[in-house]
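1 is the number of the first residue of the sequence shown in full-length UniProt numbering; add one for each residue after it.
Every residue gets a Cβ at the ideal spot worked out from N, C-alpha and C, and that includes glycine.
The structure appears below as structure tokens.
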Amino acid sequence: MQSSSELFPVALVSAELRGDLSEDVYRLKPGNSPDRSVELALTRLGLHRSEGRRGTPVILLHGSFSNRRFWYSPKGLGLGPYLARAGFDVWIAEMRGHGLSPRNQAYRHNRVADYARYDLPAIAAFVREQSDQVPHWLGHSLGGITLAAALGGHYLGEAEAASAALFGSQVSRVYWPLKLPPLEWGGRLLLKRLAVLSGAGLKRGPEDEPIGVALESLRWHGLFGRFGDAGGDWWAGLSEVQVPLLAVGSAGDHQDPPWACRKLLEQFGSARREFLHLGRKNGFAEDYGHIEMLLSKSAQSEVWPLVVHWLQQLCLPELPVRG
């Protein structure tokens, strides 16, 4: 089959019409990481009556235990379709072994470091090739952390990212038991006996997570841990990032609290950066939870329009109160 790209092998897996939307699913095989079996699914959404005209590209990154359905339901609902109907060229990525992306040979050992160093740059290169524009990026939870790692590690820069929006993403919350070496070692030994963390078993979502991601998180939060890997200090690297940045925290998010999301924002060197605190005290309909900030009826009417405004203007509109 002829590749859809001149960069590396890409197969157009399907091309469908979903109501008013066109849905093209690509499978990328970048061959840029030590595990050459890695393949990444990328879903492109647009209005099928646009006569071939595509808007500004936006890449959406799901969080842990999730897949493309976080952004795009089978009924054509979600932030992905909303952005497509607003005229954006929407690309929904699925990480290794999630959704339509098959599990690679070394799936058990996958880490955020691999996603940031190899996968996101490949996705950026393909989207730029197809759209001839620099894409915006939006990540939720682990998707936002991965995006921050790619920016802090300088695997993505201004040539690959027109802006970045991080929803419920942080690395600063302290888990004190993990600061005690015996407990950290015990946790590491326990996790190493597993191949995956089951999303269904833990009631966290439809997908599993490779144990490599869990071990990596343990290292970040250990006594001498840092947000980075053996190749570099991503936290320190964020101070050199100049990409426009939006960070969003929610008053009802107890997993990734707003103060920690703001701390990640403040580490960026970007001259243009904004923090959005979703909650009743700031004039919103509810204290949104970790998922509800993007997946709820209130979010559809309150949050989604703000995302569109950010992508169009690289700033938020004036709000009565914004913390």
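Classification of residue i by the beta-carbon crowding that lies within 10 angstroms, buried from 16 upward
i	result
G283	exposed
A247	buried
Q105	exposed
S239	exposed
C261	buried
L189	exposed
P305	exposed
W310	buried
I211	buried
S270	buried
E266	exposed
H254	exposed
S163	buried
S141	buried
G78	buried
A230	exposed
Q312	exposed
L147	buried
Beta-carbon spacing of residue i, residue j below 7 Å
i	j	result
E209	L197	yes
G168	D256	yes
P121	P57	no
R272	P244	yes
L156	A149	no
S54	A41	Before going further, note that residue 54 is Arg rather than Ser in the sequence given. Going by C-beta atoms, R54 is not nearer than 7 Å to A41.
G139	L166	yes
D8	P30	Looking at the sequence provided, one finds Phe at residue 8 rather than Asp. Yes; because the gap between Cβ atoms is below 7 Å, this pair is in contact.
V303	A86	no
V127	W91	yes
L278	S298	no
R204	F65	yes
G80	L47	no
E94	R68	yes
F275	V241	no
A124	E160	yes
A200	R108	no
Limits of the unbroken beta strand (DSSP E) element including residue i
i	result
G80	Looking at the DSSP string, G80 is not in any beta strand (DSSP E); the run it does join, the alpha helix (DSSP H), is L79 to R85.
P57	P57 to L61
E16	V10 to R18
E274	R273 to L278
L166	S163 to F167
R44	L40 to L47
A247	L245 to S250
L28	L21 to L28
Beta-carbon proximity list for residue i, same chain, < 7 Å, skipping 5 on both sides
i	result
A15	D24
I145	V112, S169 and V171
D233	R226
G237	G152, G153 and H154
R18	G76
V213	N110, R111 and V112
S131	R54, P57 and D89
W259	none
For residue i, the first and last residue of its enclosing alpha helix (DSSP H)
i	result
G212	I211 to H221
A237	A quick correction: the sequence has Gly, not Ala, at residue 237. Where G237 is concerned, the enclosing alpha helix (DSSP H) stretches over W234 to G237.
R262	P258 to Q267
Close-in-space but distant-in-sequence residues of the same chain around residue i (CB under 6 Å, 5 per side omitted)
i	result
Q300	none
G252	D287, Y288 and G289
L295	none
F70	H62
C315	none
S3	P9 and V10
R103	G97
T43	V25, R68 and I92
Own chain partners of residue i with C-beta closer than 8 Å, once the 5 adjacent residues on each side are dropped
i	result
R49	D20
E6	E129
**Prompt:** Which runs of the alpha helix (DSSP H) spanning at least 4 residues fall entirely within the region 281-319, listed in chain order?
**Reply:** 297-302 and 304-313
**Asked** Which ranges would you report for the alpha helix (DSSP H) in the UniProt domain "AB hydrolase-1" (57-152) if only whole runs of at least 4 residues count?
**Response** 79-85, 120-131 and 142-152
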